[in-house]
Every structure is written in structure tokens, then in C-alpha cells.
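Residues in the sequence shown are numbered from 1450 upward in steps of one, following the numbering used here.
Glycine included, C-beta positions come from ideal geometry on N, C-alpha and C.
Bear in mind that the values here come from a model prediction, so they are computed numbers and not experimental data.
To start, the structure under review is shown below, and the notes come after it.
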Amino acid sequence: MRQRMVVLGSACALSSATQDNTFLFFDSPGGGLLIDCAGSPFHKLLKVSGEPGKLRGVILTHAHPDHIYGLPSLIHELWLWGREEPFYIYANLRTQRTARTLIGLFDLWDKPMPLELVPIPQEEGFLLLENDEYAIHTTPVRHLGPTNAVRVTPKIGKRVVTYSSDTRPCKELVALAKGSDLLFLECTAEEPHRVHLTPEQAGEIAQEAGGKELVLVHYLESMAQDPEGTIARVKKFFGGPVRLAQDFEAYAL
Ligand SMILES: [Zn+2]
Ligand SMILES: [Zn+2]
């Protein structure tokens, strides 16, 4: 099996009839990772032929509900499914606090599956995890509260992926994304905004980072209604291919 990145949701914090809040599944033979955790994660993993028993854990980029609210449901269903392997939750300290509250709220600590909380420091280009199949780096970006962008370097597949999480334009994101083959960038603002990107700014970041291909995620319903217009705005600044992510699309790495 090759490695792949699957879009489990592609909408911004306000979901739609066809798009859930943005979260991703990095699939790898020895065990993949969820990146953020929105609605019905266990169901969606099965739907895209992910193997719940092999999932290493989840990287939570920040504490906003659209990025984290599926966590207790995922833990609960993994328990019902019979998992006893440790499950890793990677998150910065602020986000860990929310995750701990959610886990405690539903009495999910004392299950046979141990929950291992691993901190993500607010350190640029931090190597969070490395094994025979992939390396994961994180970097702090600029949003509301501590937020981390994520870079996945596959060792079986060839395509490096960077996911911005939610952020305004920042040099930290450009540095993390440098030379990525696939860039998943948020696009949640029609006009320049203090915590999100416009299509033009997403294009500028992709161009500055030397990204090969740009996939917009976490975008507004207005952009979903006008994909050509949105792509034209991005292309004023970025010469490579651009598309708007759709739920359940898989990108081979
Ligand atoms: Zn968000
Ligand atoms: Zn957010």
C-alpha cells in the first residue's frame, strides 16, 4: 500500500450539506495519523478504508471546536471497537487542556486503550515524530491561541505535504512549507483578516514557499459556490495547479 493523504472534511468552521469541518487522514502502512478531528472520525476512517486498529493517533493543531470536537467520539468508538493499543494525542499545551477536559467530561480516561498526550512545543520546524515510514514537523503559526502547522515527509511515498491549520500570513508557515509538493492551505477570508487567509494570500504563500500544488481547505461557502473565481484569485500569485478540496478525496503521496 502506498501512503496517501485523505480529506475527511474540507469546510471552514461553518460546515455545509456536503462538507464537514476540515480534517485530514495521513494513511501509512504501519499506522497513520489524523490531523485534527472533526465529525464522526471513526465512521469516516472506515469509509475511506482506514484501519482504526493501526491508527497511531491524532495531531490537534489548536483548540477551536471545528478542529477538536470529534476527539471524545473517536476515543469512545475505538474503545467499543476493542482497541487496547496506546493512542497518541499530539497537541500544544493550550490544546491539550481542552482535549483533557473533553476526555474527562466523557469519562474516557480509564479505558483499556492508554491515551498518551504528547506536547507540541511552540518551536519553529520542530521534529515531532520520526519512524521508518515518515517524519512529522510542526511550527507555530499565527491564529487565535497557540496553533501549529504540520509538515508530513513520507519515506515510502515521494510527496511532502504541509497543512497550514488556521492562520494569517506568516513567515513561519512559509518556512515550514518550503518546497512542499502538496500544500493544504486554509482560505477563510474574502478580505485581509487578522487570523485567516484570503485566496490571494494563500497563493502568495504557495509561491513564496515554492510549493508544487495548492489545495485549498477550510474555505468559505461563498468560495465553494464560485470555485473558478476563487482559483482565479489564487492564480494571480501562484503559477502551479490549484484546487478546492472536497470531502473524501485521497491524494497519493
Ligand atoms: Zn478552523
Ligand atoms: Zn481556528
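Quick one: Cα of E1649 to Cα of E1500, how far?
-> Counting from one through the sequence shown, the residue named residue 1649 turns up at place 200. Counting from one through the sequence shown, the residue named residue 1500 turns up at place 51. The straight-line gap from Cα to Cα measures roughly 37 Å.
Reduced DSSP category for L1463 - H, G, I as helix; E, B as strand; rest coil = As a working mapping, residue 1463 is identified with position 14 in the sequence shown. Note: L1463 maps to coil in three-state DSSP.
Would you say the beta carbon of D1615 comes nearer than 6 Å to a heavy atom of ligand 2?
-> Position 166 of the sequence shown, counting from 1, holds the residue named residue 1615. Yes, ligand 2 has a heavy atom inside 6 Å of this Cβ.
Return yes when at least one heavy atom of ligand 2 lies under 6 Å from the C-beta of H1586, else no.
-> Locating residue 1586 in the sequence shown gives position 137, where the first residue counts as 1. False, no ligand heavy atom lies under 6 Å from that Cβ.
Is the beta carbon of H1513 within less than 6 Å of some heavy atom of ligand 2?
-> For this step, residue 1513 is matched to residue 64 along the sequence shown. Under cutoff, so the answer is yes.
With a cut-off of 8 Å, do at least 3 Cβ pairs link the segment 1638 to 1655 to the segment 1609 to 1623?
-> yes
Local Cβ density within 10 Å of F1633, reported as buried at 16 or more and exposed below that = Looking up residue 1633 in the sequence shown gives position 184. Buried, since its Cβ has 16 or more Cβ neighbours within 10 Å.
7 Å Cβ cutoff met for L1566 and I1585 | Here the question's residue 1566 lines up with position 117 in the sequence shown. Here the question's residue 1585 lines up with position 136 in the sequence shown. For L1566 and I1585, no; Cβs fall outside 7 Å.
Since Y1668 contacts L1693 with CB under 8 Å, what's their CB separation in whole angstroms?
-> Here residue 1668 corresponds to residue number 219 of the sequence shown, with the count starting at 1. Here residue 1693 corresponds to residue number 244 of the sequence shown, with the count starting at 1. About 6 Å; that satisfies the 8 Å criterion.
What residue range is occupied by the uninterrupted alpha helix (DSSP H) comprising F1491?
-> The residue given as residue 1491 occupies position 42 in the sequence shown. F1491 -> alpha helix (DSSP H) spans P1490 to K1496.
Inter-stretch contact at 8 Å, needing at least 3 Cβ pairs: the segment 1465 to 1481 / the segment 1666 to 1684 | yes
Of all the options E1533, T1611, A1540 and V1609, which has the alpha carbon lying nearest to the alpha carbon of L1520?
-> Taking the first residue of the sequence shown as position 1, residue 1520 is located at position 71. Taking only the C-alpha atoms, the option nearest L1520 is A1540.
Do you know whose CA, among V1610, L1663, G1628 and E1621, lies nearest M1636's CA?
-> Counting from 1 along the sequence shown, the entry for residue 1636 is found at position 187. Note that residue 1636 is Cys in the sequence shown here, rather than Met. Checking every option, the nearest Cα to that of C1636 belongs to L1663.
Bridge-paired residues (DSSP) for C1636 = As a working mapping, residue 1636 is identified with position 187 in the sequence shown. Y1668, per the DSSP bridge assignment.
Run the CB neighbour count on L1665, radius 10 Å, all protein chains shown included, and call it buried at 16 or more, exposed below.
-> The sequence position of residue 1665 within the sequence shown is 216, counting from 1. By the neighbour-count rule (16 or more Cβ atoms within 10 Å), L1665 is buried.
Please say whether K1493 and L1527 have beta carbons closer to each other than 7 Å?
-> In the sequence shown, counting from the first residue as 1, residue 1527 sits at position 78. In the sequence shown, counting from the first residue as 1, residue 1493 sits at position 44. Cβ atoms of L1527 and K1493: not closer than 7 Å.
Confirm, please, whether the CB-CB distance from P1561 to V1533 is below 7 Å.
-> If you number the sequence shown from 1, residue 1533 lands on position 84. If you number the sequence shown from 1, residue 1561 lands on position 112. Inspection of the sequence shows that residue 1533 is occupied by Glu rather than by Val. It is a contact, given that the beta carbons lie within the stated cut-off.
Please work out which residues of its chain come closer than 7 Å, Cβ to Cβ, to L1577, disregarding the five sequence neighbours upstream and downstream, and give them in chain order.
-> As a position in the sequence shown, residue 1577 is number 128, starting the count at 1. Only Y1539, I1569, I1585, H1586 and T1587 meet the Cβ criterion.
Range covered by the alpha helix (DSSP H) that runs through G1678 = As a working mapping, residue 1678 is identified with position 229 in the sequence shown. Residues P1676 to K1684.
Helix, strand or coil for R1543 per DSSP?
-> Translated into the one-based positions of the sequence shown, residue 1543 becomes position 94. Helix.
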